[in-house]
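Peer 1: Throughout the sequence shown, residue numbering follows the working numbering, covering 232 to 596 in sequence. Here a beta-carbon is modelled for each residue, glycine too, at the ideal position from N, C-alpha and C. Submitted below is the structure of interest, expressed as structure tokens.
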Amino acid sequence: MEYHPENDPKYKGLAVNEGVSSPPLVNPYQKERKKRQSYTPSEYVENILKGNITVLSQAVTLVESQKNEHQAIAQEIIEKCLPYSGNSVRIGITGVPGAGKSTSIDAFGMHLIHELGKKLAVLAIDPSSERSKGSILGDKTRMEDISREANAFIRPSPSAGSLGGVARKTRETIILCEAAGFDTVFVETVGVGQSETAVHSMVDFFLLIQLAGTGDELQGIKRGIMEMADGIIVNKSDGNNIDKAKLAASQYRNALHLFPLPPSGWTPKVLTYSGYYKLGIKEIWDMVYEYVNFTKENGYFDYRRHSQSKYWMYESINEQLRNHFYHSPEIEKELRIKEQQVLSSEISSFAAAKQLLDKYFGENI
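Dropping the structure here:
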């Protein structure tokens, strides 16, 4: 306690209470936090194959890490898990913001887990702020039912401004999830255009969620995304919105007839459902498995997976070359000089780029 001279007997009629002592800055009852256990790549793989969700999450964190030492471990884990992967049905789910993607995934997941006995992994790409670079990563809060299921694994990942990089990491995460025994994998897109192409290149079935009664339904018929879709579903077909949903579905069916038949030979179907009231869910999954059986019979299922593997090999080469170029110390110095020359109109943008590339390849031959 602090000493108060005012309490001395010579100061009659004056007293200061001693008060309460200051609490310690650190909670004395707090237990020392355990350090996260580290594993060798072989131990990671062993635990993943046993279906250990905690270790699977740690392995995915290594895959997403930018550190070189983490990437080296992650690649070794992926290579060892590769023989145990490829046994799931991979489904990409996209739609405009507000279409009910998260609510639908929750409803689909419960149907798959309880009605069909499946194990589900949900990989959600969450948009990052261009200013703060942060992400909410709040998909679990909108998937209340499956987030409590033992046979479900939900992993949101920030896009961090690089959809290509996140898409590559998501593809690698799919391998780990399949090795852990998940036989159905959902990949939910950001829903802003570019991500659809990346996700389409890593899934077996691409599902487009649309809405009705929000204005001009023809705005939803965007050729690029419509051509990628293997199935279109119109959400919120309930209450007063049922007739509007059926009308929208009819418009989408008519629009699909204008497109050439996809390479799979499958004619995309259009269905209506309600994610909130869980109506029409069974019909959607009958469609998905009908597509899977159809493409496995005609050989397109394996052909698509082989094409995707080849595509991601070239994407990885492009990404590695780009990173190596921009992290070269000589190029970093030269870039600033060329920037100033371009801005002062001493040299054209194309000539500057050619000179930089010539210098880079000259150093690395």
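(1) Buried or exposed for D239, going by 16 or more other Cβ atoms inside 10 Å?
(2) Here's a check: name, in chain order, each residue in its chain whose Cβ is nearer than 7 Å to the Cβ of K477, leaving out the five neighbours to either side.
(3) Would K262 be called buried (16 or more neighbouring beta carbons within 10 Å of its own) or exposed?
(4) Among the residues of its own chain, which have a CB less than 6 Å from the CB of A398, if the five just before and after it don't count?
(5) Am I right that P259 and K311 are in contact with their C-beta atoms under 8 Å? What's the rounded C-beta distance?
(6) Give the C-beta separation of Y194 and G506 to the nearest angstrom, bearing in mind that I take them to be a contact with Cβ-Cβ under 8 Å.
(7) Closer than 8 Å by C-beta to E403: which residues in its own chain qualify, once you throw out the five before and the five after it? Chain order, please.
(8) At the level of alpha carbons, what is the spacing between S278 and V320?
(9) Mind checking whether M433 and Q539 have CB atoms under 8 Å apart?
(10) Using the Cα positions of K214 and M544, report the straight-line distance between them to the nearest angstrom.
(11) Which first and last residues belong to the alpha helix (DSSP H) in which V276 is found?
(12) Please identify the residue among S468, A383, P491 and F490 whose C-alpha is closest to the C-alpha of A480.
(13) For G511, list the residues DSSP reports as bridge partners.
(14) Helix, strand or coil, according to DSSP, for T325 in the structure here?
(15) Helix, strand or coil for S432 per DSSP?
(16) Round the Cβ separation of F437 and D474 to the nearest angstrom and send it over; I've been treating them as touching at under 8 Å.
(17) I think L351 touches T415, with their Cβ atoms under 8 Å apart; what is that distance to the nearest whole Å?
(18) May I ask you to report which of helix, strand or coil DSSP gives F384?
(19) Whole angstroms are fine: how far does the CA of H537 sit from the CA of E528?
(20) Going by other Cβ atoms of all chains shown within 10 Å of its Cβ, with 16 needed for buried, is L588 buried or exposed?
(21) Ignoring anything shorter than 3 residues or poking outside the stretch 484-559, list the beta strand (DSSP E) runs there in chain order.
(22) Less than 8 Å separating the beta-carbons of G317 and H431?
Peer 2: Looking at the coordinates:
(1) Result: exposed.
(2) Excluding positions up to five away in sequence, the list reads T503.
(3) Label assigned to K262: exposed.
(4) Leaving aside the five residues that flank A398 on each side, the residues in its chain whose CB is nearer than 6 Å to its CB run, in chain order, A429.
(5) At roughly 45 Å, the Cβ-Cβ gap does not stay under 8 Å, so P259 and K311 are not in contact.
(6) Only positions 232 to 596 of the chain appear in this structure, which leaves residue 194 out of reach.
(7) These residues qualify, in order along the chain: V294, A305 and I309.
(8) Before going further, note that residue 278 is Asn rather than Ser in the sequence given. If I take the Cα positions, the gap works out to 22 Å.
(9) Yes, these two residues count as a Cβ contact at 8 Å.
(10) No answer is possible for residue 214: the residues shown for the chain start at 232 and end at 596.
(11) P272 to L280 is the extent of the alpha helix (DSSP H) around V276.
(12) For A480, the nearest C-alpha among the options comes from S468.
(13) None, per the DSSP bridge assignment.
(14) Strand, per DSSP.
(15) In the three-state scheme derived from DSSP, where H, G and I count as helix and E and B as strand, S432 is classed as coil.
(16) Not confirmed; about 27 Å, so no contact.
(17) Their Cβ separation, rounded to whole angstroms, is 5 Å, which keeps L351 and T415 in contact under 8 Å.
(18) F384: strand per DSSP, three-state reduction.
(19) When rounded, the separation of the alpha-carbon atoms in E528 and H537 is 16 Å.
(20) Answer is exposed; the Cβ neighbour count stays below 16.
(21) For the stretch 484-559, whole beta strand (DSSP E) runs of length 3 or above, ordered along the chain, are 500-503.
(22) The answer is no: Cβ separation not under 8 Å.
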